[in-house]
Amino acid sequence: MNQLTKKEWLRLSIIFLPNLMISLNTYMLQVALPEIQKTLGITFSDAQFILTGYSLGLATFLILSSFFGNRWGQKSILLLGISFFFCPIYYRRYNI
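Quick note: the sequence shown, position 92, residue 92 per UniProt numbering, numbers continuous.
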């Protein structure tokens, strides 16, 4: 049996980090749908349309990131995607 070293576990964790971020982001949007409904005064089907639009956008960017990753390198595209994920959080936190 092959045992993974600590370094390999770290690499594996870093590789799975974007998958966790995508899952959490989708979950947060689903949790926020009732509040979005109340704030915007829209129906449940309209709120579901927002979720569908988000999912389609996510799928599009996943395909594009694969293309650009093959062209410019997986690591650089991964770091760019992670920075795009955390920049709005940083902006919101410190009101830049």
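Think of the CB as a built atom: it goes at the ideal place given N, C-alpha and C, for glycine as much as any other residue. Treat the numbers as computed from the prediction; the structure is a model and nothing was measured.
Cβ neighbour criterion (16 or more within 10 Å) applied to residue i
| i | result |
| --- | --- |
| A47 | buried |
Among the options, the one whose alpha carbon lies nearest that of residue i
| i | options | result |
| --- | --- | --- |
| A59 | S23, T5, K7 | S23 |
| S55 | S83, S65, F44, L29 | L29 |
| I63 | P34, L78, F49 | L78 |
| N25 | G57, I14, N95 | G57 |
Inter-residue CB distance, residue i and residue j (contact presumed, cutoff 8 Å)
| i | j | result |
| --- | --- | --- |
| P18 | G69 | With a Cβ gap of about 11 Å, P18 and G69 do not count as contacting. |
| F84 | M21 | Between M21 and F84 the Cβ distance is about 11 Å, and since that is not below 8 Å, they are no contact. |
Counting Cβ pairs, one atom from each stretch, are 3 or more of them under 8 Å apart for the stretch 37-57 and the stretch 65-74?
The stretch 37-57 is not in contact with the stretch 65-74.
For the stretch 23-83, which segments carrying the alpha helix (DSSP H) assignment without a break, of at least 4 residues, lie completely within its bounds, in sequence order?
Secondary structure in the stretch 23-83: the alpha helix (DSSP H) runs of 4 residues or longer, each lying completely within the stretch, are 44-72 in chain order.
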